[in-house]
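Enquirer: Protein chains in written order, with the numbering used here: chain A, 34 to 344; chain B, 34 to 344. Sending over a structure as C-alpha cells; questions will come in a sec.
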DNA sequence: TGCGGTTGATACCCTGCGGGTATGAATGAT
DNA sequence: ATCATTCATACCCGCAGGGTATCAACCGCA
C-alpha cells in the first residue's frame with residue numbers, strides 16, 4: 034500500500050511552499066487540476082489530511098508540516114543518490130570541495146598542499162557557492178565535502194571542528210566607531226548590514242537555527258542581496274554599511290579605508306569540515322584527516338580535546 | 034533531465050541485491066523484460082553504467098555500488114517521510130520508542146516514570162524488535178526514538194550516550210569455565226554462540242561495522258537464528274551454547290543453572306538513545322533529556338563531561 | 001567442439017495512469 | 001448581494017510502464 038513516489042513529494046512540497054495550487058502548478062509546469070488530484074491521492078494513500086483548503090486559503094495541517102520537512106530531506110537524498118552515482122561513474126574521479134570563497138580560515142592552501150601528498154588523494158575540484166549553500170551541496174551530492182561555518186544544518190552530514198577565530202567588524206576607517214579598539218553589539222544599533230555577506234551575522238545573532246542566519250533588520254536600506262566582495266568593500270569604505278568577516282579573511286583584504294575591529298560580545302566563527310554521513314570514500318576520509326591535522330598544527334598550542342572523528 | 038523516481042531506485046536495489054534480473058523481477062512481482070528496460074533507462078538518465086551484465090553473471094560497477102548504498106538511504110528517507118506524516122496525523126499523538134526487550138540498562142522503568150512527569154510528554158508506545166532493528170525503525174519512521182547498543186548504524190540519526198555496562202558471558206553453571214571468576218575471549222574458542230541473541234557479540238568482536246554484527250562461526254551447530262530468550266537460557270543451561278548479555282539484563286534473569294562471568298577483554302555495552310537527525314519534536318526532545326538525566330543519576334558518581342544534546 | 005540450458009535483450013502489444021481542458025461550486029471581499 | 005478568485009469535478013487522451021513471445025549470447029559439459 035504505502036509506497037510514495039518522488040513525484041508525489043515534489044508536488045506536495047511545491048503546494049506546501051506556495052500554499053496555492055495554481056502557483057504551485059505553474060511552478061511545476063503543469064495544470065492545476067491534476068495537481069489537486071495528485072495531492073488528494075497522496076492524502077488518501079497516507080490516510081492523513083495534509084492541507085486544509087478553502088477556496089481562499091490553503092494551510093498545512095500538523096501532518097503536512099511534518100511531511101514538508103521530511104519530504105525535503107527525502108528529495109535531497111534521492112537527487113543525492115543520483116548525483117553521487119553519476120560522479121562515481123566519471124572516468125577520472127575527483128574530490129569536490131564546497132566552500133565559500135575566502136571562508137577557509139586561511140587554511141585552504143596548506144590543506145590542499147598536505148592533501149596532495151596523501152595516498153588516497155584525488156584532484157580537488159572547488160565547488161564555490163554562497164554562504165549557507167555548502168551543506169546543501171554536500172547533502173544533494175554536488176560536493177563530496179565542504180568547509181563551512183558552524184552552526185549549519187547538519188542533517189545527513191558528519192562534521193569535524195577545525196578552527197575558531199573571531200569575527201571582525203568591517204567599517205569605514207573614518208567612522209567614529211573605528212577610533213575604538215573594540216566594540217560591542219549594542220554599538221551597532223541602526224547600522225546597515227548587507228544581506229548575504231560572506232559571514233552574514235546580523236543582529237539575529239541570538240538565533241542558532243539550522244538554516245543560515247539571515248539579517249532581518251528593517252533598517253538595512255542598501256546593498257540587499259549582494260555577495261560580491263568588492264562591492265561590499267566599496268560600500269563599507271563609503272560608510273554605507275558595516276559587515277562581519279572572519280579574522281582570517283580580513284587579513285587577505287587589508288585596505289587603508291577599512292578598519293577591522295573585534296566585537297567583544299559576538300561569538301566567534303567556527304570553521305568545520307563536513308561530509309556525507311556514513312561516507313565510505315577513502316578520498317573524503319583522507320581529506321578530513323588532512324584538514325583536521327592542518328587545523329591542529331595551526332591552532333595556538335592549546336591541548337584541547339581532539340574529539341575523534343565519528344567516521 | 035535528472036529526476037529519479039523511487040520506483041527506479043527500488044528496481045535498481047532489487048537487481049543490485051540479487052545480481053540477477055530474473056530473481057529481482059520475481060521479488061518485485063513483475064516480469065523480467067520491463068525490469069531490464071527500466072534499469073537500462075536509469076543508466077541512460079544518469080549517463081553511467083551501473084551493472085556489468087553477461088548472460089551468466091551480473092556485477093556492480095563502482096557507480097552501481099555507490100548508488101546501491103545511497104539508494105537504500107534515499108528509499109529509507111522517502112518511506113520515513115510517509116510514515117512520519119501518517120503518525121503525525123493520528124488523532125492522539127504518541128511517542129514510539131524502539132528497543133530490544135530487556136536491553137535498556139535497567140533504566141526503562143525509571144525513564145518512563147520520569148518522562149511521564151514532563152510537560153511535553155506523550156503516551157509511550159514500545160516498538161519491540163530484534164537487536165539491530167532499532168536504528169532502522171527510527172530511520173524509516175516506524176519509531177520516534179530508540180534505546181540501542183553502540184556502535185550502530187547512525188546514518189540519519191542523532192544520538193546521546195546513556196550508560197556503559199559490561200557484557201557478561203552466560204554459560205552453564207556446570208561448565209568448568211564457570212569455576213573461574215572471570216574469563217578472556219581466548220577461553221571461548223570453539224564454543225557456540227547463538228545467532229541473533231539479545232547482545233550478539235560473537236568472535237567477530239573486532240568488527241565495528243555499522244550493520245549489526247553477526248556471528249559467523251561455522252562451528253555453531255544449533256540455535257541458529259533464535260532470539261527467544263527462554264530458548265537461549267535453556268540451551269545455555271544444557272551447555273549447548275554460551276551467550277553475551279549486558280550486565281543489567283543478567284540481573285533480571287538470575288538462574289541457578291546459569292553462571293554469568295565477566296570477560297576481561299570484551300569491550301562493554303554502551304547504551305544510547307537515538308532520534309531522527311534534526312527532529313523538531315518537543316516530545317522526543319523531552320524523552321532524550323529525561324533519558325540522559327536518569328542515566329546520569331544512575332551512573333556511579335563520575336563527574337564526566339555531559340556532552341550536551343545537539344537537538 | 002558442438003549442444004543445450006540459462007539468462008538478459010528485443011519486439012511488439014495493450015492497459016491504465018498521469019496530464020490536459022472545460023466547467024462547476026464555494027468562499028471571502030466589496 | 002455580487003463578483004472575482006480558486007479549488008474540485010467531469011471527461012478525454014496519449015504514452016509510459018508492464019506483459020508475452022522470442023531471440024541471442026554466454027557458459028558448462030560431454
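Built from N, CA and C at the ideal position, the CB exists for glycine as well.
Should residue 271(A) go down as buried or exposed, given a rule of 16 or more other Cβ atoms within 10 Å for buried?
Expert: exposed
Enquirer: Where does residue 87(B) fall in DSSP's three states?
Expert: coil
Enquirer: With distances taken from CA atoms, which of 328(B), 205(B), 184(B) and 332(B) is nearest residue 164(B)?
Expert: 184(B)
Enquirer: Measuring CB atoms only, is the region 41-53 of chain A touching the region 95-106 of chain A, in the sense that at least three cross pairs come out at less than 8 Å?
Expert: yes
Enquirer: Between which two residues does the beta strand (DSSP E) holding residue 179(A) run?
Expert: 178-183
Enquirer: Taking the DSSP output, what are the residues bridged to residue 190(A)?
Expert: 309(A)
Enquirer: For a quick check, are the C-beta atoms of residue 200(B) and residue 266(B) less than 8 Å apart?
Expert: no
Enquirer: Might you give, ordered along the chain, the residues of its own chain that have their beta carbon closer than 6 Å to the beta carbon of residue 60(A), omitting 5 neighbours on each side?
Expert: 47
Enquirer: Going by C-alpha distance, which of 118(B), 328(B) and 305(B) is nearest residue 314(B)?
Expert: 118(B)
Enquirer: How far does the alpha helix (DSSP H) with residue 67(A) in it reach, from first residue to last?
Expert: 65-79
Enquirer: When you compare only the Cα positions, how much space is there between residue 254(B) and residue 221(B)?
Expert: Model confidence at residue 254(B) stands at a pLDDT of 31, short of 50, so the residue's coordinates are unreliable and nothing is read from them.
Enquirer: Who are the Cβ neighbours of residue 52(B) in its own chain at under 6 Å, not counting the five residues just before and after it?
Expert: 91
Enquirer: List the residues of chain A whose Cβ lies closer than 8 Å to the Cβ of residue 106(B), in chain order.
Expert: 110, 114 and 311
Enquirer: Could you list which residues in chain B have their beta carbon closer than 7 Å to that of residue 188(A), in chain order?
Expert: 310 and 311
Enquirer: Please state the DSSP three-state secondary structure of residue 293(A).
Expert: Here residue 293(A) sits in strand by DSSP.
Enquirer: Pick helix, strand or coil for residue 325(B), following the three-state DSSP scheme.
Expert: helix
Enquirer: Let's see if you can read the secondary structure: which residues bound the alpha helix (DSSP H) around residue 110(B)?
Expert: 95-122
Enquirer: Exposed or buried, residue 76(B), counting other C-beta atoms within 10 Å across all chains shown (16 or more means buried)?
Expert: buried
Enquirer: Any contact between the region 118-135 of chain A and the region 124-137 of chain B? By contact I mean 3 or more CB pairs, one from each, below 8 Å.
Expert: no
Enquirer: Which residues bound the beta strand (DSSP E) around residue 129(A)?
Expert: 128-132
Enquirer: For chain B, find out if any of its Cβ atoms is closer than 8 Å to the Cβ of residue 92(A); answer yes or no.
Expert: no
Enquirer: Hey, residue 94(B) and residue 108(B): beta-carbon distance below 8 Å or not?
Expert: no
Enquirer: Just the Cα atoms here: how many angstroms apart are residue 58(B) and residue 66(B)?
Expert: 9 Å
Enquirer: When you compare the CB positions of residue 181(B) and residue 305(B), do they come within less than 8 Å of one another, or not?
Expert: yes
Enquirer: Is the shortest distance between the beta-carbon of residue 80(B) and the beta-carbons of chain A less than 8 Å?
Expert: yes
Enquirer: Using the Cβ count rule (16 or more neighbours within 10 Å means buried), how would you classify residue 294(A)?
Expert: Of the residues assessed, residue 294(A) falls on the buried side of the cut-off, its CB having 16 or more other CB atoms within 10 angstroms.
Enquirer: Using a cut-off of 7 Å between C-beta atoms, extract the partners of residue 119(B) located in chain A.
Expert: Going along chain A in sequence order, the residues near residue 119(B) (Cβ under 7 Å) are 79, 80 and 81.
Enquirer: In its own chain, which residues sit with a C-beta less than 7 Å from the C-beta of residue 298(A), not counting the 5 before and 5 after it?
Expert: Only 217 and 218 meet the Cβ criterion.
Enquirer: I need the boundaries of the alpha helix (DSSP H) containing residue 146(A), first residue and last residue.
Expert: 141-149
Enquirer: Quick test of your reading: residue 205(B) and residue 290(B), contact by CB under 8 Å. State the CB separation rounded to the nearest angstrom.
Expert: With a beta-carbon spacing of about 7 Å, residue 205(B) and residue 290(B) fall inside the 8 Å limit used to define contacts.
Enquirer: In the DSSP assignment, find the unbroken alpha helix (DSSP H) run with residue 57(A) in it and report its ends.
Expert: 54-60
Enquirer: Give the residues of chain A in contact with residue 96(B), contact being defined as C-beta atoms less than 7 Å apart.
Expert: 118, 121 and 122
Enquirer: Reducing DSSP to helix, strand and coil, say where residue 205(B) ends up.
Expert: strand
Enquirer: Compare the C-beta of residue 103(B) with all C-beta atoms of chain A and state if any pair is closer than 8 Å.
Expert: yes
Enquirer: Could you work out which residue in 210(A), 331(A) and 319(A) is closest to residue 156(A) when comparing CA atoms only?
Expert: 319(A)
Enquirer: With DSSP run on the structure shown, which of helix, strand or coil describes residue 300(B)?
Expert: coil
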